[in-house]
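Chains as they are written, first to last, in the working numbering: chain A, 391 to 527; chain B, 391 to 527; chain C, 391 to 527; chain D, 391 to 527; chain E, 391 to 527; chain F, 391 to 527.
From the three backbone atoms N, C-alpha and C, an ideal C-beta is built for every residue, glycine too.
Being a predicted model, the structure only gives us computed values, none of them experimental.
Number of protein chains: 6
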Amino acid sequence: MPRVTVTRRMRFNAAHRVFNPSFSDEENNATFGKCNNPNWHGHNYMLDVSVEGPIDAGTGYVLDLARLRDIVEAQVVSLVDHKNFNLDVPFMKGVIPTAENVIVAFWKILEPAVTPAKLQRLVLWETENNYVEYSGD
Amino acid sequence: MPRVTVTRRMRFNAAHRVFNPSFSDEENNATFGKCNNPNWHGHNYMLDVSVEGPIDAGTGYVLDLARLRDIVEAQVVSLVDHKNFNLDVPFMKGVIPTAENVIVAFWKILEPAVTPAKLQRLVLWETENNYVEYSGD
Amino acid sequence: MPRVTVTRRMRFNAAHRVFNPSFSDEENNATFGKCNNPNWHGHNYMLDVSVEGPIDAGTGYVLDLARLRDIVEAQVVSLVDHKNFNLDVPFMKGVIPTAENVIVAFWKILEPAVTPAKLQRLVLWETENNYVEYSGD
Amino acid sequence: MPRVTVTRRMRFNAAHRVFNPSFSDEENNATFGKCNNPNWHGHNYMLDVSVEGPIDAGTGYVLDLARLRDIVEAQVVSLVDHKNFNLDVPFMKGVIPTAENVIVAFWKILEPAVTPAKLQRLVLWETENNYVEYSGD
Amino acid sequence: MPRVTVTRRMRFNAAHRVFNPSFSDEENNATFGKCNNPNWHGHNYMLDVSVEGPIDAGTGYVLDLARLRDIVEAQVVSLVDHKNFNLDVPFMKGVIPTAENVIVAFWKILEPAVTPAKLQRLVLWETENNYVEYSGD
Amino acid sequence: MPRVTVTRRMRFNAAHRVFNPSFSDEENNATFGKCNNPNWHGHNYMLDVSVEGPIDAGTGYVLDLARLRDIVEAQVVSLVDHKNFNLDVPFMKGVIPTAENVIVAFWKILEPAVTPAKLQRLVLWETENNYVEYSGD
């Protein structure tokens, strides 16, 4: 059977502060600029979850995108939507909540959650001009 | 001269908590749901600032959009970008930071700032599905 | 209190055939072209529902957009999403399902449903290049 | 019959130089900045043409949007697409090709061209952040 | 010569019903939910066709995108636009019209049609949140 | 450390004429059509610059996207924004300014400019329907 990649786009809103608690205030300001605001700022995030596999002959699906949506909603989006990445999200404890670290944390949760389908790629948009991608490397 | 409306779109990111400090916790949760998260959440906001007037014969402009951008940047965007609407923004002190209240506060600042051009309309997008408009009424 | 317009954007998918059953086949083809396909075609529709009113002092809302979303979902979207406008939608019976007729039918349902808020404007996108607006006139 | 506004979105690419030939070089640079490049620059323009009228009982249309597209293509878009507004466009001769002046020129052409439908509004996007509107005033 | 990937985005509207005729009604409802509506539903599809190859020294093109557009229009889009995937499209006969099966069918047609250029990737958007990719594997 | 791809989207406007000076006028018209307008035309270009590398433990960044933006602005965007690709851009001298040739020229500049980060992919949008990608091959 042909192997196709199918993607579900999800959206959520969250607050964060990008800083390293082991840095001095000066270092944090120099490194992170306005993203270091101690009173937080936030984003409308957009997350593309892509899984890859053969088309099932009975359904014509690689994986029902409604089921993929439910998995991502339950395992990831419900834990971060309208939350503070630094204060509210257990799996980000002790991790600087850059888009890079967030996407790797999402990968660790989603890779086992979508089996037997194969998680192929995550793309996370933080603003209309900034996005990051991760493929498990 | 013909009268044209010209618009500059601006973007900023901010955190907020939507709640009424005079409500009980139960009332706030019932009224504002997940927007009441005491640890904040945030958005990528998009703001369309529209001014209206006759076309200037010498320039072909109603108002140079680069100048409008600079006014809005200096008077509004620089005060809210990467900020917390509840904690960091003087003109939102004591005001519930809903999109409705934010847009009215922006209007009060921008209407005198763009004279002699006439501020005609503000549109503020909070998410890809929610936006508010205000025309000074 | 200032009067603000607040909008909730909704999305749904539907099939339709644009034709007049009292026309001959030739007239229908000449008038409606490929939109007259007797085997149907379809669209991803986008609907912006705008209501207008004073800001409530207690909530900072004109109307909670989550509540507006629930009203539109229950009264309109759930009746047309993944449906056929010609065959499945009672309130379109006997009406040619152009975007113009659809938006007027939506208005008749939504205007009383959003009271005491005032329905101000509907915008319905049929494709990325075609949209219609109605304000109850 | 209900009165609805229907819109067709069109797209074209063009070059221009924004300057006033009666100004000195210094005045042009001070007034128009990088838009005054004597070697031109260009844009992907987006134009929304809105006409308003009653719904026709026989067709369900205010005006067939395919017909509106053909009118706008023939009368406006074909004259400016892949053209230079300063050099190639007869109806812009002697006019500074700002978005404001372009939209007024388009209005003069389109208002009689869409009769008996009533041209209600033009919106012209020059970049993703700048757009102008005109309603014939 | 450097090897570049060039993409042309195409759009079309179609109706479909996602179901397996060898399933019982109960199985079809359980498997396909509202996509199984026997009266059809539809989408505005967006298709990105990417071909890869060396830049031609004489033209600066890998493949003239206007020519690629004409090929895709003639071989694929004209056969599915404003059509019903289940009833009107010969190359989908007996195939469940999921996005996965549609994209594989498109690949089989387009791969030989774009030679000597090399078809590298197709992306098919069914809604603003769901899309599939295929590279011939 | 996990390896992530981070992307910064940039935008600029430019004019160009797509033609081969060693071709006759007839050949240029036959080959390049309206893109061969001797009076130029133009576009709003969108450029995605992607670099790949391990996440830095101290910052949580692969590469600060504000720094990437500054590099791309200084090395590429400031040289082409509001310019004419044929007349104003030294690194395009003698090169047909197709999107394919532009993206390869950008690569040659940006690959050394982003070290020690690794330039992974450029994507250049010329219109909403046409884009090209290059990965240094």
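{"Query": "Coil, strand or helix - Leu458 of chain B by DSSP", "Result": "helix"}
{"Query": "First and last residue of the uninterrupted beta strand (DSSP E) at Trp515 of chain E", "Result": "508-515"}
{"Query": "Beta-bridge partners of Leu477 of chain C, as assigned by DSSP", "Result": "Beta-bridge pairing links Leu477 of chain C to no other residue."}
{"Query": "Cβ contact check for the region 414-421 of chain A and the region 435-445 of chain A: 3 or more pairs under 8 Å", "Result": "no"}
{"Query": "Cβ-Cβ distance between Tyr524 of chain A and Leu512 of chain A below 7 Å", "Result": "yes"}
{"Query": "CB of Thr488 of chain E within 7 Å of CB of Gly450 of chain A, strictly", "Result": "yes"}
{"Query": "Residues of its chain near Ile486 of chain E, where Cβ-Cβ distance is below 8 Å and the 5 sequence neighbours each way are ignored", "Result": "Val408, Phe409, Asn410"}
{"Query": "Below-7 Å beta-carbon distance, Gly450 of chain D vs any chain C residue", "Result": "yes"}
{"Query": "Buried or exposed (CB count within 10 angstroms, at least 16 for buried), Met391 of chain C", "Result": "exposed"}
{"Query": "Asn519 of chain F, DSSP secondary structure in three states", "Result": "coil"}
{"Query": "Val394 of chain A: contacting residues in chain E (beta-carbon distance under 8 Å)", "Result": "Glu490, Ile493, Val494, Val522, Glu523, Tyr524"}
{"Query": "Spatial distance of Phe496 of chain F from Val394 of chain F (CA atoms)", "Result": "22 Å"}
{"Query": "Beta-bridge pairing of Pro444 of chain A - partner residues as DSSP gives them", "Result": "A:Arg393"}
{"Query": "Rounded straight-line distance, which links the Cα of Val396 of chain F to that of Glu490 of chain A", "Result": "8 Å"}
{"Query": "Three-way DSSP call (helix, strand, coil) for Gly432 of chain E in this model", "Result": "strand"}
{"Query": "Sub-7 Å separation of Gly448 of chain D and His433 of chain F beta-carbons", "Result": "no"}
{"Query": "C-alpha gap between Val479 of chain D and Val470 of chain D, whole angstroms", "Result": "6 Å"}
{"Query": "is_contact[Asn399 of chain D, chain C] using C-beta, thresh 7 Å", "Result": "Per the sequence presented here, residue 399 of chain D reads as Arg, with Asn not at that position. For Arg399 of chain D, the answer is yes, since a Cβ of chain C falls inside 7 Å of its Cβ."}
{"Query": "Where Ala379 of chain A meets chain E, residues with beta-carbon distance less than 8 Å", "Result": "The requested residue 379 of chain A does not occur in the structure, where chain A is confined to residues 391 to 527."}
{"Query": "Within-7 Å CB hit, Ile445 of chain E to chain F", "Result": "yes"}
{"Query": "Arg398 of chain D and Leu455 of chain D closer than 7 Å at C-beta", "Result": "yes"}
{"Query": "Ser412 of chain B to Leu514 of chain C span [Cα, whole Å]", "Result": "39 Å"}
{"Query": "Strand pairing of His406 of chain E, partner residues [DSSP]", "Result": "E:His431"}
{"Query": "For Asp438 of chain C, the residue or residues it bridges with in DSSP", "Result": "C:Arg399, C:Val513"}
{"Query": "Chain A contact residues for Asp387 of chain E, given Cβ-Cβ distances below 8 Å", "Result": "Lying before the first or after the last residue shown, residue 387 of chain E is absent from chain E, which here runs from 391 to 527."}
{"Query": "Below-7 Å beta-carbon distance, Asp478 of chain C vs any chain E residue", "Result": "yes"}
{"Query": "CB contact below 7 Å: Ile474 of chain D versus chain B", "Result": "For the sequence presented, residue 474 of chain D should be read as Asn rather than Ile. Chain B contact via Cβ: absent."}
{"Query": "Strand pairing of Tyr524 of chain E, partner residues [DSSP]", "Result": "E:Leu512"}
{"Query": "Whether Asn426 of chain A touches Leu477 of chain B by CB criterion (7 Å)", "Result": "no"}
{"Query": "9 Å Cβ cut-off: residues of chain I touching Asn410 of chain A", "Result": "Absent from the structure: chain I. Protein chains present are A, B, C, D, E and F."}
{"Query": "Spatial neighbours of Asn403 of chain E in its chain, beta-carbon cut-off 8 Å, leaving aside the 5 residues before and after", "Result": "Gly432, His433, Asn434, Tyr435, Asp471, His472"}
{"Query": "Backbone secondary structure at Ile486 of chain F - three-state DSSP", "Result": "coil"}
{"Query": "Supposed contact pair Val492 of chain B and Phe475 of chain B - C-beta distance, whole angstroms, cut 8 Å", "Result": "7 Å"}
{"Query": "Closer than 8 Å at the beta carbon, the chain F residues around Ile486 of chain A", "Result": "Thr449, Gly450"}
{"Query": "Unbroken alpha helix (DSSP H) run spanning Glu417 of chain D, endpoints", "Result": "415-422"}
{"Query": "Within chain C, the residues that Val519 of chain B reaches when beta carbons sit closer than 7 Å", "Result": "Looking at the sequence itself, residue 519 of chain B is Asn, so the reference to Val does not match. What Asn519 of chain B touches in chain C: Arg398, Arg399."}
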